[in-house]
């Protein structure tokens, strides 16, 4: 029988307060506090305005699995982001492998992807870029969202190739017009201190002469990564549990290729967490959001902690919407200031969800199986 597969797509961020519930003595006995995973995962990620929760989740798992490689490559005063795998790099590698299945540039921002395949594609490349690449891409240059920055790069790519297209040689007026547009756009990028404006002419040509825009984007990320590339010294094996669509009380265990109960699945998840390893989770995000909801659909995050709150065992869900628990949002044409998103207790961009609620919302889990 074939397990369900989950396509994870775009979302946003926020917080809440946990409800007191009746305690379960047996459950509490199996709820030893777990708090050391986050320190190795580093700062909370922010996927900005693109649908790359799956890639950021994959990057968190890769960060934990390859932490020694990241440390080895950054021995001299590394920033916290230097010791994290880039989520943007992971997303672009995934989409580069999926080019045949994508129709438009906008597809890469909204269709999402598979966590396990992203991990596989990145590990097969043999190297990663640090999260500091993401920080620089998002924080530098034009004051635009990440999605809009890629649209600007798309315009730059198209202008360059229109100028150098031999079929346009007889239309000098058009070529001159495109050159003016290209030079004006480059001037804007330089004034705004965009990362791409610091590339050498040779690097720039390497990117813009790549056959397709998708490949040019991938090449750009690798060129920008440059000397920051971190070689991976090993391949780590990851496995998954996927909830069956027709029998919700069971999961498919990819490691043993078997059907197991929800109860056993959560015992396994607890076992993994107790060995201080993070677990990726896919779930319906609107189930954890406060009203009015700012997002819907499937989402991906990381389980990174566990402790007792108000007499109940809670799990810490590490999201990729930044480290805030409140924000200003426009929902159904109405503005909400300082809006709390999660209906659960939020701390620095993570939220704590009771075990029984976690069971209800979970659709799949992915974990590093190398030690089990």
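Numbering (this note's numbering), first residue to last: 229 to 600. Every residue gets a Cβ at the ideal spot worked out from N, C-alpha and C, and that includes glycine.
Pop quiz: residue i and residue j are said to be a contact at Cβ under 8 angstroms. What is the actual Cβ separation, rounded to whole angstroms?
i, j, result
"residue 540", "residue 582", "5 angstroms"
"residue 423", "residue 354", "In fact, because the Cβ distance is near 23 angstroms, the residues do not count as touching under 8 angstroms."
"residue 442", "residue 564", "37 angstroms between Cβ atoms; not a contact."
"residue 306", "residue 456", "That belief does not hold up - the Cβ atoms of residue 306 and residue 456 are roughly 11 angstroms apart, past 8 angstroms."
"residue 528", "residue 285", "4 angstroms"
"residue 283", "residue 341", "7 angstroms"
"residue 536", "residue 256", "6 angstroms"
"residue 294", "residue 356", "7 angstroms"
If distances are taken between C-alpha atoms only, which option among the options comes closest to residue i?
i, options, result
"residue 414", "406, 425 and 405", "425"
"residue 588", "509, 273, 534 and 522", "509"
"residue 567", "475, 555 and 477", "555"
"residue 351", "299, 458 and 438", "458"
"residue 605", "300, 553, 390 and 433", "Not covered by the structure: residue 605. The range shown for the chain is 229 to 600."
"residue 637", "438, 412 and 270", "This structure gives no information on residue 637, because the portion of the chain shown stretches from 229 to 600."
"residue 436", "460, 384 and 287", "384"
"residue 465", "598, 386 and 412", "598"
"residue 265", "548, 575 and 533", "533"
"residue 605", "258, 300 and 309", "Not covered by the structure: residue 605. The range shown for the chain is 229 to 600."
"residue 343", "261, 292 and 280", "280"
"residue 406", "388, 314, 272 and 493", "388"
"residue 347", "315, 531 and 373", "315"
"residue 409", "386, 429, 394 and 431", "386"
Identify the residues that DSSP records as bridge partners of residue i: which are they?
i, result
"residue 558", "563"
"residue 373", "Paired residues: none, contrary to the question."
"residue 540", "537"
"residue 574", "579"
"residue 527", "511"
"residue 568", "554"
"residue 487", "480"
"residue 422", "In DSSP, residue 422 forms no bridge with anything."
"residue 610", "Residue 610 lies beyond the stretch modelled for the chain, which goes from 229 to 600, so this question has no answer here."
"residue 395", "According to DSSP, residue 395 bridges with nothing at all."
"residue 270", "BP columns for residue 270 are empty, so no partner."
"residue 470", "480 and 592"
"residue 517", "570"
"residue 545", "531 and 579"
"residue 459", "355"
"residue 262", "534"
"residue 340", "Residue 340 pairs with nothing; no bridge assigned."
Please go through the same chain and pick out, in chain order, the residues whose beta-carbon is closer than 7 angstroms to the beta-carbon of residue i, but skip the five residues on each side of it.
i, result
"residue 320", "445, 446 and 449"
"residue 593", "468, 469, 497, 507, 508 and 509"
"residue 452", "361 and 423"
"residue 586", "543"
"residue 490", "477, 478, 479 and 587"
"residue 402", "396"
"residue 301", "458"
Might you give, ordered along the chain, the residues of its own chain that have their beta carbon closer than 6 angstroms to the beta carbon of residue i, omitting 5 neighbours on each side?
i, result
"residue 375", "277, 278 and 337"
"residue 579", "545, 570 and 572"
"residue 600", "none"
"residue 584", "none"
"residue 263", "533"
"residue 390", "406"
"residue 438", "444 and 447"
Residue i to residue j, Cα distance in whole Å?
i, j, result
"residue 524", "residue 516", "10 angstroms"
"residue 577", "residue 558", "20 angstroms"
"residue 462", "residue 495", "28 angstroms"
"residue 562", "residue 366", "27 angstroms"
"residue 511", "residue 317", "24 angstroms"
"residue 460", "residue 502", "26 angstroms"
"residue 290", "residue 304", "22 angstroms"
"residue 474", "residue 504", "32 angstroms"
"residue 326", "residue 312", "24 angstroms"
"residue 417", "residue 259", "52 angstroms"
"residue 440", "residue 392", "14 angstroms"
"residue 472", "residue 521", "27 angstroms"
"residue 229", "residue 492", "Per-residue confidence for residue 229 stands at a pLDDT of 36, beneath the threshold of 50, marking its modelled position as unreliable; no derived number is given."
"residue 427", "residue 433", "10 angstroms"
"residue 549", "residue 400", "47 angstroms"
"residue 292", "residue 596", "9 angstroms"
"residue 487", "residue 345", "22 angstroms"
"residue 381", "residue 373", "13 angstroms"
"residue 273", "residue 484", "32 angstroms"
"residue 531", "residue 590", "11 angstroms"
"residue 514", "residue 275", "18 angstroms"
"residue 363", "residue 378", "15 angstroms"
"residue 398", "residue 419", "33 angstroms"
"residue 394", "residue 454", "31 angstroms"
Within the present structure, is the beta-carbon of residue i separated from the nearest heavy atom of the ligand COA by less than 6 angstroms?
i, result
"residue 500", "Only the bare structure without any ligand can be found here, which leaves the ligand COA out of the picture."
Could you tell me whether any Cβ in chain C is nearer than 7 angstroms to the Cβ of residue i?
i, result
"residue 506", "Considering every chain present, this structure includes no chain C. It has just one protein chain."
For residue i, I'd like the list of residues in its chain whose CB is within less than 8 angstroms of its CB, leaving aside the five on either flank, ordered along the chain.
i, result
"residue 421", "368 and 369"
"residue 299", "306 and 311"
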